[in-house]
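Student: Top to bottom, those sequences are chains D and G.
According to the working numbering, the first sequence holds residues 1102 to 1239 in order.
According to the working numbering, the second sequence holds residues 1102 to 1239 in order.
C-beta: ideal position from N, C-alpha, C; glycine also.
I am attaching a structure below and will ask some questions about it afterwards.
2 protein chains.
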Amino acid sequence: MIDFEPPLVGCVLSNRDYSFDILRESGECVINIPTVELAEKVVGCGNTSGREVDKFTAFGLTPVAAALVRAPLIDECYASLECKVADDRMVEQYGFFILRVVKAWVDPQRAHPRTIHHLGKGAFMIAGETIRLPSKMK
Amino acid sequence: MIDFEPPLVGCVLSNRDYSFDILRESGECVINIPTVELAEKVVGCGNTSGREVDKFTAFGLTPVAAALVRAPLIDECYASLECKVADDRMVEQYGFFILRVVKAWVDPQRAHPRTIHHLGKGAFMIAGETIRLPSKMK
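Below, the structure written as structure tokens:
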């Protein structure tokens, strides 16, 4: 998260990845946020390239049309962020895209999504419990 | 995380924060990583300013000299990253610093640190269990 208004997200992609090329060419993407139920498919997607494999077919995922960008949502994911590239000045040096979230989708029926957070080399931390403390922080 | 070699971390600070001013002036900082045991102190630190309060004294935290930067480690934290500003081109517009980690400290006796992840407005997700899947990913 880079900013709230407008909502900006920073994202690093390797310039060896197919996603890097199509994000740079199209200026658009969807960030789909999976939960632990999808962990094996996430690793499958991470270990293959869209240059050679149709990942929707290979991993049994369902594309859904987005509202404001051409890239698809993944129906099985908990949340999806439709994004447009807002700043590409750091792309060449770091593969770092600043994205503006133009539409956000979430499954309101899932109160406690067990999102997964890659620690490296196939290890994922599963989101645990949430605590709430009195705070003035945004 | 922006890159592995050299280890680069991206960090957004509000330009209203005292930390913003001293990071920009000194070019150095320590990112101290707390666990849930410190959550109330974290919120206390987030709701006060170093311009008015000595947070080490106010919240009972212990400064420890760093090896390569002038900013201190916090002894009570699980891990600490000594950092130097590597790229400040995005600071003016986004408050976004790219930091090079020059030294990293971790408490090796804590196998399962319950780190906390701010969801906004005083809500924190506590790191849950870790799963490991066969993967070629870094």
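Go to Arg1125/G, then tell me how far its beta strand (DSSP E) extends in each direction, as first and last residue.
Tutor: Arg1125/G -> not in any beta strand (DSSP E); alpha helix (DSSP H) instead, spanning Tyr1119 to Ser1127.
Student: Thinking C-beta only, is Lys1185/D closer than 7 Å to Met1165/D?
Tutor: In the sequence on display, residue 1165/D carries Val and not Met. Taking 7 Å as the Cβ cut-off, Val1165/D and Lys1185/D do not qualify as a contacting pair.
Student: Does DSSP classify Glu1183/D as helix, strand or coil?
Tutor: strand
Student: On a CA-only basis, which of Cys1130/D, Phe1121/D and Ser1115/D is nearest Arg1201/D? Give me that one, please.
Tutor: Cys1130/D
Student: How many angstroms separate the CA atom of Asn1148/G from the CA atom of Pro1209/D?
Tutor: 30 Å
Student: Three-state secondary structure (DSSP) at Cys1130/G?
Tutor: strand
Student: I need the straight-line Cα distance from Pro1235/G to Arg1152/G, nearest angstrom please.
Tutor: 48 Å
Student: Using 10 angstroms around the beta-carbon of Met1191/D, count the other beta-carbons present and answer buried if the total reaches 16, otherwise exposed.
Tutor: buried
Student: With a threshold of 6 Å on Cβ separation, who are the neighbours of Asp1188/G within its own chain once the five nearest residues in sequence on each side are excluded?
Tutor: Within the same chain, Asp1188/G has close Cβ partners Ile1199.
Student: Inspect the beta-carbon positions of Ala1228/D and Val1207/D and report whether they are closer than 7 Å.
Tutor: Result no, Cβ atoms of Ala1228/D and Val1207/D do not sit closer than 7 Å.
Student: For Leu1109/D, which three-state DSSP category applies?
Tutor: strand
Student: What does Pro1173/D touch in chain G if you count any residue whose Cβ is under 8 Å from its own?
Tutor: Within chain G, no residue comes near Pro1173/D; the closest Cβ sits about 23 Å away, beyond 8 Å.
Student: Taking just the CA atoms, how far does Gly1221/D sit from Met1238/G?
Tutor: Looking at the two C-alpha atoms, the distance is approximately 7 Å.
Student: For the stretch 1105-1130 of chain G, list every residue whose C-beta sits within 8 Å of some C-beta in chain B, in sequence order.
Tutor: Within the model displayed, chain B is absent; protein chains D and G are what it includes.
Student: Just to make sure I have the definition right: I need the residues of chain G whose C-beta is within less than 7 Å of the C-beta of Lys1222/D. Which are they?
Tutor: Ser1236, Met1238 and Lys1239
Student: What's the gap between the Cα of Cys1146/D and the Cα of Asp1118/D?
Tutor: 12 Å
Student: Closest Cβ-Cβ distance between Thr1136/G and chain D: below 7 Å?
Tutor: Among the CB atoms of chain D, none fall inside 7 Å of the CB of Thr1136/G.
Student: Tell me, please, which residues DSSP counts as bridged to Pro1164/G.
Tutor: Looking at the DSSP assignment, Pro1164/G forms a beta bridge with Ile1175/G.
Student: Round the Cβ separation of Val1144/D and Gly1223/D to the nearest angstrom and send it over; I've been treating them as touching at under 8 Å.
Tutor: 6 Å
Student: Which residues in chain D sit within 8 Å of Val1144/G, going by Cβ to Cβ distance?
Tutor: Leu1234, Pro1235, Ser1236 and Met1238
Student: Please name the residue, chosen from Asp1104/D, Ser1120/D, Phe1225/D and Phe1160/D, that lies closest to Thr1196/D on a Cα-to-Cα basis.
Tutor: Per the sequence shown, residue 1196/D should be read as Gly rather than Thr. Closest option to Gly1196/D, Cα to Cα, is Ser1120/D.
Student: Determine the DSSP secondary structure at Val1202/G, reduced to helix, strand or coil.
Tutor: Here Val1202/G carries a strand assignment [DSSP, helix/strand/coil].
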